[in-house]
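K.L.:
Quick one: structure below, then a few questions.
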Amino acid sequence: MQKLLTILAFYKPFVIWSFLVNIAITIVNPYIVPAVVTKLMLTIFVWYFVNETNAKRKLIFYNNLGISSIKLFSVMFFIDIFITISYLILITEYI
Amino acid sequence: MILEIDNVELYFKNKTILNGIYLKAETGKVTGILGSNGCGKSCLLQIIFGSLRPKYKLIRIDNSPILKPLFQTNLVKYLPQHALIPKNLSLKHIFKLYDVEWEEFITIFEEFKLFEPFKSKQLSGGQVRLVETYIVLKSPSKIILLDEPFSHLAPLHIEKISTIIEEEKVNKAIIITDHFYHSIIESSDNIYLLKNGATKLIDDLLGLEDYKYLSQGSLT
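So this is what it looks like as structure tokens:
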């Protein structure tokens, strides 16, 4: 449970960006499959960016807890997808 | 527990960083690594930890090769020379994650008594470094890697951390590197000098002068 809370803390700075992407998806193509593909591509981009820059240093804290970068970004992706799908289901009820 | 690393080859582009490494650390002993700036000390610790992939390496624990990154075995904790703890987590949460007793911490460092709900961004650089060094040292892992633990610490805190290293080594294999060579020499049971990409076990401290890590007469 503590590890999940830690991954959520890692996800926290990305929440606003994710929400902005959700709004863009709602305007352009408010369907679940394109949303999942978009979020997957963005997660892979962020993972690559973090691994190739000094931001990689921030991962040591999580590595010390036995959490690899793959696990960290995978869990973050699934949390984000859960929020995105819930948001899309809710929003498409009103549009 | 005996940790050994050898056959390391690390290159950055065409430059050879490490190519003749043998290092042994064991429970009950502190292993110090000394070397000039840019000689590869931090890279070596990262390779042991598993966050840096060299071209070749062989890590063994009790003679069994470890093929996955060591951090995935939960046997190791690593204090990097840069900031470790995220700025948005409270000290309470961090101590819980690393399985370290807050009460014991504040008996040693009383000035932190009121800081439990604080986030690391509310502390000074030296205070953060002290917390990072403490949680890594006191966490229940069997192998501890410390990269410049004495940097940014006040002399009194260096003394306290040295005492904690002495206590913790009973159940842990500790590998330590720092430019405060006096503290490393005092804390370590074995010392390796890293020079020209290779390690040399220092049996006699005067060897540090012979290998031109220290100037002649520094140790007398």
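Residue numbers (my numbering), protein chains in the order written: chain A, -11 to 83; chain B, 117 to 336.
Glycine included, each C-beta is placed from N, C-alpha and C at the ideal position.
(1) Give the secondary structure of B/Phe128 by DSSP, where H, G and I count as helix, E and B as strand, and everything else as coil.
(2) Chain B partners of A/Ala(-3), CB-CB under 7 Å?
(3) Out of B/Ala289, B/Ser331, B/Ile277, B/Leu322, which one is the CA nearest neighbour of B/Lys145?
(4) For B/Asp326, count neighbouring Cβ atoms within 10 angstroms of its own Cβ and tell me buried if that reaches 16, exposed if not.
(5) Can you find a CB in chain D that lies within less than 8 Å of the CB of A/Leu53?
(6) Classify A/Ile11: buried if its beta carbon has 16 or more other beta carbons within 10 angstroms, exposed otherwise.
(7) Check whether the segment 226 to 240 of chain B and the segment 289 to 298 of chain B touch, using three or more Cβ-Cβ pairs below 8 Å as the test.
(8) Less than 8 Å between the CB atoms is what I'm expecting for B/Lys276 and B/Ser236, so what's the real figure, rounded?
(9) Are there 16 or more other CB atoms within 10 angstroms of the CB of B/His209, so buried, or fewer, so exposed?
(10) Return the chain-ordered list of same chain residues with a C-beta closer than 8 Å to the C-beta of B/Leu269, the five sequence neighbours on each side being excluded.
(11) Check each residue of the segment 48 to 78 of chain A: if its Cβ is closer than 7 Å to any Cβ of chain B, include it; give the result in chain order.
(12) Compare the C-alpha of B/Val216 against each of B/Gln197, B/Tyr172, B/Gly166, B/Lys193 and name the closest.
(13) What does a CB cutoff of less than 6 Å around B/Glu264 pick up in its chain, not counting 5 residues either side in sequence?
(14) Is A/Thr31 helix, strand or coil by DSSP?
(15) Counting C-beta neighbours from all protein chains within 10 Å, is the total for A/Met29 16 or more, i.e. buried, or is it exposed?
P.N.:
Let's see:
(1) If you number the second sequence from 1, residue 128 of chain B lands on position 12. DSSP places B/Phe128 in strand when its eight states are reduced to three.
(2) Position 9 of the first sequence holds residue -3 of chain A. Within chain B, the residues near A/Ala(-3) are Pro202, Asn204, Leu205.
(3) If you number the second sequence from 1, residue 145 of chain B lands on position 29. Considering only alpha carbons, the answer is B/Ala289.
(4) Here the question's residue 326 of chain B lines up with position 210 in the second sequence. Burial call: exposed.
(5) Looking at the structure shown, chain D is missing, and the protein chains on hand are A and B.
(6) By one-based count along the first sequence, residue 11 of chain A stands at place 23. The residue in question, A/Ile11, is exposed, as its Cβ has fewer than 16 Cβ neighbours within 10 Å.
(7) no
(8) Translated into the one-based positions of the second sequence, residue 276 of chain B becomes position 160. Translated into the one-based positions of the second sequence, residue 236 of chain B becomes position 120. Not really, about 20 Å apart at Cβ, beyond 8 Å.
(9) For the purposes of this step, residue 209 of chain B is taken as the residue at position 93 of the second sequence. Buried: at least 16 other Cβ atoms inside 10 Å.
(10) Indexing the second sequence from 1 puts residue 269 of chain B at position 153. If we look at B/Leu269 and ignore the five residues flanking it on each side, its Cβ neighbours are Gly242, Arg245, Leu246, Thr249, Ile277.
(11) Ile48, Phe49, Asn51, Asn52, Leu53, Gly54, Ser56
(12) If you number the second sequence from 1, residue 216 of chain B lands on position 100. Cα-wise, what sits closest to B/Val216 is B/Lys193.
(13) As a working note, residue 264 of chain B is residue 148 in the second sequence. Result list for B/Glu264: Gln197, Asp294, in chain order.
(14) By one-based count along the first sequence, residue 31 of chain A stands at place 43. Three-state DSSP puts A/Thr31 in a helix.
(15) Within the first sequence, the letter at position 41 stands for residue 29 of chain A. By the neighbour-count rule (16 or more Cβ atoms within 10 Å), A/Met29 is not buried but exposed.
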